[in-house]
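Here the structure comes first, spelled out in structure tokens, and everything after it is commentary.
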Amino acid sequence: LKDRLISRKTETADIVKKRLESAREEISFYGKYDYIIINDILKYSCQELESIILSTKTRIANTDQKLINKLLK
Numbered sequence: 001l002k003d004r005l006i007s008r009k010t011e012t013a014d015i016v017k018k019r020l021e022s023a024r025e026e027i028s029f030y031g032k033y034d035y036i037i038i039n040d041i042l043k044y045s046c047q048e049l050e051s052i053i054l055s056t057k058t059r060i061a062n063t064d065q066k067l068i069n070k071l072l073k
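Set out below in structure tokens:
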């Protein structure tokens with residue numbers, strides 16, 4: 001993140017510092033999340049996000065109970 005922000009040359013040093021502090025704080029809460037995507041290679045990050053979305057759709061908690069009951073009959 002630091003290298004990317006510095007190489008863009010669109011942010012002041014203070015803004016870069018604040019962005020890095022914010023990122024560190026967000027990272028410190030990683031254990032509170034179900035999924036983590038490291039956005040270093042966009043193609044792979046998008047694939048990971050798609051996988052998460054697809055897996056969420058098939059979770060038992062998101063399954064239509066009426067459909068399950070119908071299938072069991």
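Heads up: the sequence shown begins at 1 in the working numbering, then just goes up one per residue.
Idealized CB from N, CA, C, for every residue including glycine.
Keep in mind that this is a model prediction, so the values were computed, not measured.
Exercise. What span of residues does the alpha helix (DSSP H) with D3 cover, start to end?
Worked result: Counting from one through the sequence shown, the residue named residue 3 turns up at place 3. Element bounds for D3: 2-8.
For this session: Determine the DSSP secondary structure at I36, reduced to helix, strand or coil.
Result: Counted from its first residue, the sequence shown places residue 36 at position 36. Coil at I36, not helix or strand.
Exercise. In whole angstroms, what separates the C-alpha of K73 from that of L54?
Worked result: Here residue 73 is taken as the residue at index 73 of the sequence shown, counted from 1. Here residue 54 is taken as the residue at index 54 of the sequence shown, counted from 1. Looking at the two C-alpha atoms, the distance is approximately 27 Å.
Exercise. Under the three-state reduction of DSSP, which class applies to R24: helix, strand or coil?
Worked result: Reading the sequence shown from its first residue, position 24 is the one you call residue 24. R24: helix per DSSP, three-state reduction.
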